[in-house]
């Protein structure tokens, strides 16, 4: 009898740390991607990872599988710290040098694109986990050839748009910029460098600024050569497919999917929780916490906010109190039995 009560007491004492762990370990989703103009990874995710429509997105899946599309909001380097040109090699800008996203680097002229006009434009960047930081947008130089691997030297030297801590509206960062006067097929390259950690995120958006088709082409030939229009993923699709993501890191950088020492720097991160390695169990706990309504238009230092921690601590306190009551009750019963 005495041994049984001791076992009960030990079991009850173990509930408190387990309860605290369960309530505080909820992961957050990855962080986001450009949706106006639509990034390559966002466009292919919107087409559907399992059965993409466009030839370019089909080729991306053939090269790297479907998982990069389910993880569409995670093209990052955990320890970038502003060293973008030093750590991302030429030809691998769209993947940020990460083998997982190598399909985004394919040099081809038929990536789904966004019609864009020179002049003022309102840009949108869908943030599944908001962070403080600075956005820089670069555009390719005149003479850019999409059929050649993208190099740093293909981009204009200075960003045409730069903003720090833009407004978060309905789950997306919204900011204005002036698109340079250009024509034809180009690419907009975005860098989102966090100010609360060394982590940075990268996107490639294929754009058509018009006036680029040779006059000698027939209308039919020009229409046949024109790439498909890119579409951003809907909120319904983002919510429905979030459970298939392998990204689980509590709102911080790093990814176990890249080998140590590669340009992705995934496993080094910045001393915080790393992403789950490719093939590990997906997460879904953060979908509601990171939904646009829950974000409330406020920037967060990481993917969550203070309320999450308070709720976890409060919930753990309730369970701990319950464990204490059960423990005391067991002791009283044990004393009565001995009497």
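Residue numbers (mature numbering (1 follows the signal peptide of the UniProt record, and there is no 0)): -30 to -1, 1 to 309.
Every residue, glycine too, gets a C-beta built ideally from N, C-alpha and C.
_Any 3 or more C-beta pairs closer than 8 Å across the region 150 to 170 and the region 104 to 122_ = yes
- Could you check the C-alpha separation between residue 48 and residue 10 for me, to the nearest Å? 21 Å
Next item on the list: Use the C-beta contact count for residue 326: other C-beta atoms within 10 angstroms, 16 or more gives buried, fewer gives exposed.
Entry: No statement about residue 326 is possible, as the shown extent of the chain runs from -30 to 309 and does not include it.
Which value, in whole angstroms, describes the spacing of the CA atoms of residue 21 and residue 53? 36 Å
Discussion item. Please report the straight-line C-alpha distance between residue 310 and residue 154, rounded to a whole angstrom.
Written reply: No information on residue 310 is available, as it lies outside the stretch -30 to 309 that the chain covers here.
- Task: Check each candidate in 94, 118, 33, 124 and name the one with the smallest Cα separation from residue 136.
- Result: 94
Point to revise | Proximal residues to residue 126 (C-beta, below 7 Å), its chain only, five neighbours per side dropped | key: 108, 109, 111
(Q) Using only the alpha-carbon positions, how far apart do residue 68 and residue 58 sit? (A) 9 Å
Q. Under three-state DSSP, which class holds residue 255?
A. With a pLDDT of only 31 at residue 255, under 50, the local geometry of the prediction cannot be trusted, and the value read off the model is given with reservation. Of the three classes helix, strand and coil, the one that applies to residue 255 here is coil, per DSSP.
Could you compute how far the alpha carbon of residue 212 sits from the alpha carbon of residue 84? 25 Å
**Study point:** Residue interval of the beta strand (DSSP E) (run including residue 143)
**Key:** 142 to 149
Contact under 9 Å by Cβ, residue 216 with residue 71
no
| task | State the Cα-Cα distance for the pair residue 87 and residue 146, rounded to the nearest angstrom. | result | 13 Å
message: Excluding the 5 residues flanking residue 79 on each side, which residues of the same chain have their C-beta closer than 6 Å to its C-beta?
response: 116, 117
What do you get for residue 199, buried or exposed, if any count of 16 or more other CB atoms within 10 angstroms of its CB means buried? exposed
Q | residue 15 versus residue 157 - alpha carbon distance | A | 19 Å
Q) According to the neighbour-count rule (16 or more other Cβ atoms, all chains shown, within 10 Å of its Cβ), is residue 140 buried or exposed? A) exposed
**Asked** Distance, Cα to Cα, residue 142 vs residue 7?
**Response** 13 Å
8 Å CB neighbourhood of residue 201 in its chain, flanking five on each side removed
8, 13, 16, 17, 82
Through-space distance from residue 197 to residue 27, alpha-carbon basis
12 Å
Next on the checklist: So, with DSSP's three-state summary, where would you put residue -28?
Outcome noted: Unreliable positioning characterises residue -28 in this predicted model, as indicated by a pLDDT of 49, which lies under 50. The coordinate reading is nonetheless provided below. The answer is helix: DSSP assigns residue -28 an H, G or I state.
Where residue 40 sits in the DSSP three-state scheme: helix
field: residue 144 to residue 171 span [Cα, whole Å]
entry: 16 Å
Using C-beta distances below 7 Å, list every residue in its chain close to residue 64, excluding the 5 sequence neighbours before and after it, in chain order. 10, 74, 75, 120, 174
On the DSSP bridge list, what partners appear for residue 162? 105, 171
Would DSSP call residue 54 helix, strand or coil?
-> helix
| task | For residue 205, count neighbouring Cβ atoms within 10 angstroms of its own Cβ and tell me buried if that reaches 16, exposed if not. | result | exposed
For residue 181, which residues in the same chain have their Cβ closer than 6 Å to its Cβ, ignoring the five residues on either side in sequence? 153
- prompt: What does residue 6 pair with, by DSSP beta-bridge criteria?
  reply: 94
- Return the Cβ separation of residue 122 and residue 60 in integer angstroms, given the expectation that the two are a contact with Cβ distance under 8 Å. 6 Å
For residue 96, which of 208, 209, 4, 207 has the nearest alpha-carbon? 4
Check: Under a three-way DSSP split, which group does residue 181 fall into?
Finding: coil
key: Rounded separation between residue 50 and residue 89 - CA only   = 31 Å
Worksheet entry | Three-state secondary structure (DSSP) of residue 45 | coil
| Quick one: what's got a C-beta closer than 6 Å to residue 133's C-beta in the same chain, skipping five residues either side? | 105, 145
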